[in-house]
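Report on one structure; see the data block that follows.
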Amino acid sequence: MDPLHLLIVEHDPARRRQLSDTLRASGHAVFGVEDGAAAAAALSAQAGAAMPAFDALVLDLSLPSLDLARVREALAPAEPPTPDSLDAAERRQVALALAHTNGNRRQAAHLLGIARSTLLNKIRRYGLA
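Positions in the sequence shown are counted from 1; adding 66 to them yields the numbering used here.
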């Protein structure tokens with residue numbers, strides 16, 4: 067199973083750390099925050115980032131200042147984002163493939179289904195070197 071990118075929202079630091087450590091030990095990427103506002107900010111930042119969005123959200127529903135409406139809006143915005151240009155989408159995918167393979171260009175090219183020389187041209191074109 068591929069590792070998941072998880073967002074944990076838990077106000078108790080000890081519980082958040084324990085859950086994060088357990089999930090990291092299972093090979094997952096974990097980002098922990100203490101409240102709903104920080105969760106909404108993390109989700110909003112992921113929407114436009116070149117990194118993969120979170121696969122799952124672990125949310126403590128007993129948070130004292132949980133703004134479910136704000137978290138819900140961050141998860142499913144009222145207006146869909148404007149689509150990227152093909153160049154921007156391609157650049158993002160090349161960057162993701164390189165990050166996923168820890169910079170191994172041969173593996174990234176294989177993952178993208180392109181020749182290594184094509185990948186090298188795209189790296190130069192998008193300034194990803």
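C-beta: ideal position from N, C-alpha, C; glycine also.
Asked: LEU125 (DSSP reduced to helix, strand or coil); Found: strand
Asked: CA nearest to the CA of ALA155, picked from GLY169, LYS188, ARG90, LEU132; Found: LYS188
Asked: Minimum length 4: unbroken alpha helix (DSSP H) runs contained in the segment 143 to 193; Found: 152 to 166, 171 to 178, 182 to 192
Asked: Cβ-based burial, GLY179 [other Cβ within 10 Å; buried from 16]; Found: exposed
Asked: HIS77 beta carbon less than 8 Å from that of ASP101; Found: yes
Asked: Identified DSSP bridge partners for GLY98; Found: ILE74
Asked: Three-state class that DSSP yields for SER92 in the structure shown; Found: coil
Asked: Three-way DSSP call (helix, strand, coil) for PRO69 in this model; Found: coil
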